[in-house]
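In my numbering, the protein residues as written are 1383 to 1467. Just so you know, even glycine gets a beta-carbon here, dropped at the ideal spot from N, CA and C. In this text the structure is predicted, and so the values were computed from the model without any measurement. In what follows, a single structure is set out as structure tokens and then discussed.
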């Protein structure tokens, strides 16, 4: 599962909305919202929004790195020089 499903651009997924990790922060149609069972609040603080954007990008990079490691683990190990002891 990716850290964030969001609109296309800097973010990894092409889905229209999604939660950032396991937080109440959601990006919908290019805007950040805080979502709770009682309702949603659009975020307007540019500093906070910038932090969410940086965290979302960092999470996406980490997700891709983990996925790359998992692919490497599924491949058979290389034989060093083909020699036997």
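Just verifying my parser: in three-state terms, what is the DSSP assignment at residue 1426? coil
Residues sharing a beta bridge with residue 1416, DSSP: 1407 and 1423
For residue 1432, count neighbouring Cβ atoms within 10 angstroms of its own Cβ and tell me buried if that reaches 16, exposed if not. exposed
To the nearest angstrom, how far is the alpha carbon of residue 1447 from that of residue 1404? 19 Å
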